[in-house]
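Under the numbering used here, the residue at position 121 of the sequence shown is numbered 217, and the numbers go up by one with no gaps. The beta carbon of each residue, even a glycine, is placed where N, CA and C say it ideally should be.
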Amino acid sequence: MLTDSYGRIATDLRVSLTDRCNLRCSYCMPPEGLDWLPKPEVLTGDEVARLVRIGVETLGIREVRFTGGEPLLRRDLVSIIAATAALSPRPEISLTTNGIGLDRRAAALRDAGLDRINVSLDTLRPEVFRKLSHRDRLSDVLTGLAAAAAAGLTPVKVNTVLMRDLNENEAPDLLRYCMEHGYELRFIEQMPLDAQHGWRREDMVTADEILDSLAPHFGLTPDDPAARGSAPAEIFLVDGGPARVGVIGSVTRPFCGTCDRVRLTADGQIRNCLFARDESNLRDPMRHGASDAELAAIWRRAVAAKLPGHGINDPGFLQPARPMSAIGG
Ligand code: SAM
Numbered sequence: 097m098l099t100d101s102y103g104r105i106a107t108d109l110r111v112s113l114t115d116r117c118n119l120r121c122s123y124c125m126p127p128e129g130l131d132w133l134p135k136p137e138v139l140t141g142d143e144v145a146r147l148v149r150i151g152v153e154t155l156g157i158r159e160v161r162f163t164g165g166e167p168l169l170r171r172d173l174v175s176i177i178a179a180t181a182a183l184s185p186r187p188e189i190s191l192t193t194n195g196i197g198l199d200r201r202a203a204a205l206r207d208a209g210l211d212r213i214n215v216s217l218d219t220l221r222p223e224v225f226r227k228l229s230h231r232d233r234l235s236d237v238l239t240g241l242a243a244a245a246a247a248g249l250t251p252v253k254v255n256t257v258l259m260r261d262l263n264e265n266e267a268p269d270l271l272r273y274c275m276e277h278g279y280e281l282r283f284i285e286q287m288p289l290d291a292q293h294g295w296r297r298e299d300m301v302t303a304d305e306i307l308d309s310l311a312p313h314f315g316l317t318p319d320d321p322a323a324r325g326s327a328p329a330e331i332f333l334v335d336g337g338p339a340r341v342g343v344i345g346s347v348t349r350p351f352c353g354t355c356d357r358v359r360l361t362a363d364g365q366i367r368n369c370l371f372a373r374d375e376s377n378l379r380d381p382m383r384h385g386a387s388d389a390e391l392a393a394i395w396r397r398a399v400a401a402k403l404p405g406h407g408i409n410d411p412g413f414l415q416p417a418r419p420m421s422a423i424g425g
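Encoded structure:
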């Protein structure tokens, strides 16, 4: 098992399949994009499949989430998911995506073994979408969401980051939209993970503010806290349920004590935390002939060194060198 010195066990693997993205959301990357990883540095589909297999068969990983960058940009996504679904014990398989192009691929992804999906949607207003992501793709995202639901990738979850003076007043509209379509909405506090290092605490729309902006429109009742387990989202029943809304207060309501996640970057580095400053290289030993047992040992050591918390609220906090798009959200 992947245990750390604080007694936590990592069972949830987040795999970034690429650092590239077709949007430029300002909380993540600058309008001009970034210097992408050179292709030879990025894990091949077979390499991803091997590391996921080691995680599942040897190290106790029970959930695998593919993310990025934008994972739908990987042409071999279906075969990577199929290889993951063939593992024993079969892990839960999910995908975090911006939804662009999902209408063409949702059925194939489901048939390959994808169980669930999270689609990022920060606004319902085309002009705000353009401003926030520097692309005019809102209708593609909404089409992708509908395709995910039609393909049965349920519950379809929606991730929203609210930004001051941009979409901060859209929380009620987004929740109404999600309830009408049967999607489960989660608001995520903006974290200091943008490539530009432009995050400022005072600009962050906090979990308290998000809940305050929903309160005049909906009755929110906290869900049973025992049901939360290691999930990042605090869940609230909306108007008594069954509709639910989640708030991920990564900064103001951290949940590091129950964290069960570990990350594999697109270039084959293990990160024991989104905010880790160290990484453990699995790619190079793998390419130089390391055995499964040797790779598992490196991975175990990486998780064992996990710190008790992300430290965002500590005076000495330093943002990690890699942005969210290169770590995998
Ligand atoms: N491209 C995919 C997408 O748009 O969902 C997957 C990668 S994206 C990095 C994963 C999630 O991270 C998205 O829901 C996005 O909103 C969120 N995210 C990115 N940067 C963030 C930040 N600085 N703070 C909070 N969430 C962030």
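For residue i, the nearest candidate out of the options (CA to CA)
{"i": "GLY412", "options": "LEU220, PHE371, ILE196", "result": "PHE371"}
{"i": "THR348", "options": "ILE284, LEU205, LEU403, ARG201", "result": "ILE284"}
{"i": "THR250", "options": "LEU210, LEU238, GLN286, VAL224", "result": "LEU210"}
{"i": "LYS135", "options": "LEU113, ARG367, ILE423, GLU223", "result": "LEU113"}
{"i": "ALA362", "options": "MET125, VAL144, GLY103", "result": "VAL144"}
{"i": "VAL97", "options": "ALA389, ASP207, VAL254, TYR279", "result": "The sequence given here places Met at residue 97; Val does not occur at that position. Measuring from the Cα of MET97, the nearest candidate turns out to be ALA389."}
{"i": "ARG297", "options": "GLY345, VAL252, ALA327", "result": "GLY345"}
{"i": "ILE157", "options": "TYR123, THR99, PRO126, LEU173", "result": "THR99"}
{"i": "GLN365", "options": "HIS313, ARG340, ASP172, LEU139", "result": "LEU139"}
{"i": "THR193", "options": "LEU217, ARG418, PRO222, CYS352", "result": "LEU217"}
{"i": "LEU289", "options": "ARG146, CYS352, GLU137, GLY424", "result": "GLY424"}
{"i": "VAL254", "options": "MET287, ARG397, VAL215, ALA291", "result": "VAL215"}
{"i": "ARG104", "options": "GLN415, ALA422, VAL399", "result": "VAL399"}
{"i": "ALA291", "options": "ALA417, THR163, VAL174", "result": "ALA417"}
{"i": "ALA178", "options": "GLY294, PRO350, GLY325, GLY141", "result": "GLY141"}
{"i": "PRO222", "options": "PRO419, GLY353, LEU262", "result": "LEU262"}
{"i": "PRO350", "options": "ARG170, SER175, ASP410, LEU173", "result": "ASP410"}
{"i": "ALA245", "options": "THR256, HIS293, ARG212", "result": "ARG212"}
{"i": "ALA323", "options": "PRO312, MET275, THR354, HIS313", "result": "THR354"}
{"i": "LEU252", "options": "SER175, HIS313, PRO321, ALA339", "result": "The sequence given here has Val at residue 252, not Leu. Closest by alpha carbon: ALA339."}
Heavy atom of the ligand SAM within 8 Å of residue i beta-carbon
{"i": "ILE189", "result": "no"}
{"i": "GLU285", "result": "yes"}
{"i": "LEU119", "result": "yes"}
{"i": "VAL215", "result": "yes"}
{"i": "TRP79", "result": "This structure does not reach residue 79, given that the chain is present from 97 up to 425, and the question cannot be answered."}
{"i": "GLU166", "result": "yes"}
{"i": "VAL124", "result": "Per the sequence shown, the amino acid found at residue 124 is Cys instead of Val. Yes, the beta carbon of CYS124 sits closer than 8 Å to at least one heavy atom of the ligand SAM."}
{"i": "GLY278", "result": "no"}
{"i": "THR192", "result": "yes"}
{"i": "VAL341", "result": "no"}
{"i": "GLY424", "result": "yes"}
{"i": "ASP299", "result": "no"}
{"i": "TRP395", "result": "no"}
{"i": "MET420", "result": "yes"}
{"i": "ASN255", "result": "yes"}
{"i": "PRO251", "result": "no"}
{"i": "PRO328", "result": "no"}
{"i": "LEU289", "result": "yes"}
{"i": "THR163", "result": "yes"}
{"i": "ASP218", "result": "yes"}
{"i": "SER235", "result": "no"}
{"i": "SER346", "result": "yes"}
Close beta carbons around residue i, own chain, < 8 Å, minus the five adjacent residues each side
{"i": "ILE196", "result": "ASN118, LEU119, GLU166, LEU168, ARG233, ASP236, VAL237, GLY240"}
{"i": "ALA78", "result": "Not covered by the structure: residue 78. The range shown for the chain is 97 to 425."}
{"i": "LEU183", "result": "VAL148, ARG149, VAL152, GLU153"}
{"i": "TRP295", "result": "TYR123, GLN286, MET287, PRO288, LEU289, GLN415"}
Contacts around residue i, its chain only, beta-carbon distance under 6 Å, and the 5 residues preceding and following it disregarded
{"i": "LEU258", "result": "GLU264, VAL301"}
{"i": "GLU266", "result": "THR219"}
{"i": "GLY342", "result": "ARG282, ALA329, ILE331"}
{"i": "THR180", "result": "VAL148, VAL160, ILE189"}
{"i": "TYR102", "result": "PRO404"}
{"i": "SER309", "result": "ALA267"}
{"i": "PRO127", "result": "ARG120, HIS230"}
{"i": "LEU130", "result": "ALA291"}
{"i": "PHE225", "result": "THR219, LEU234"}
{"i": "ALA203", "result": "ALA247"}
Neighbourhood of residue i by C-beta distance below 7 Å, restricted to the same chain and skipping five residues each side
{"i": "ARG357", "result": "ALA106, ASP108, ARG110"}
{"i": "ALA401", "result": "ASN368"}
{"i": "VAL392", "result": "Residue identity check: residue 392 is Ala in the sequence provided, not Val. Here the set comprises ILE150, THR154, LEU155."}
{"i": "ILE394", "result": "SER376, LEU378, PRO381"}
{"i": "ARG206", "result": "ALA247, GLY248, LEU249"}
{"i": "TRP132", "result": "ASP115, ARG116"}
{"i": "ALA422", "result": "ASP115, THR361"}
{"i": "LEU307", "result": "LEU316, VAL343"}
{"i": "CYS352", "result": "PRO404, GLY405, HIS406"}
Okay, do the region 377 to 397 and the region 301 to 313 touch, 3+ Cβ pairs below 8 Å being the bar?
no
If contact is defined by three or more beta carbon pairs under 8 Å, each pair taking one atom from either stretch, is the region 185 to 192 in contact with the region 222 to 234?
no
May I ask you to verify whether the region 403 to 411 touches the region 359 to 377, counting CB pairs closer than 8 Å and requiring at least 3?
yes
Counting beta carbon pairs with one atom in the region 332 to 348 and one in the region 306 to 317, are three or more of them shorter than 8 Å?
yes
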